[in-house]
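Undergrad: Sending over a structure as structure tokens; questions will come in a sec.
Numbering (our numbering), first residue to last: 16 to 89.
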């Protein structure tokens, strides 16, 4: 079951603030803030899609995934 949307939002805000502070404290790390926030948006979108899949029961068990991976191996 997906977590509470408000809790997810709170966690994202905390992470965004942490990364913004890291950029301010280490301006020489060579990663523009725009890149960091674009990546954060992308990560958030991927998580939201995953949560929607879980809510819609479009998931498989770990055991089934392991079986599928083994079937790919020669």
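Think of the CB as a built atom: it goes at the ideal place given N, C-alpha and C, for glycine as much as any other residue. Model, not experiment: these values are computed from the prediction.
1. Once the 5 residues before and after residue 64 are set aside, which same chain residues still bring their CB inside 8 Å of it?
2. Assign residue 65 to one of three DSSP states: helix, strand, or coil.
3. Could you tell me how far apart the beta carbons of residue 51 and residue 33 are, in whole angstroms, since I believe they sit closer than 8 Å?
4. What span of residues does the alpha helix (DSSP H) with residue 32 cover, start to end?
5. I need the straight-line Cα distance from residue 59 to residue 79, nearest angstrom please.
TA: So, from the listed chains and residues:
1. none
2. helix
3. Contact flag wrong, Cβ pair sits at about 11 Å.
4. 20-40
5. 26 Å
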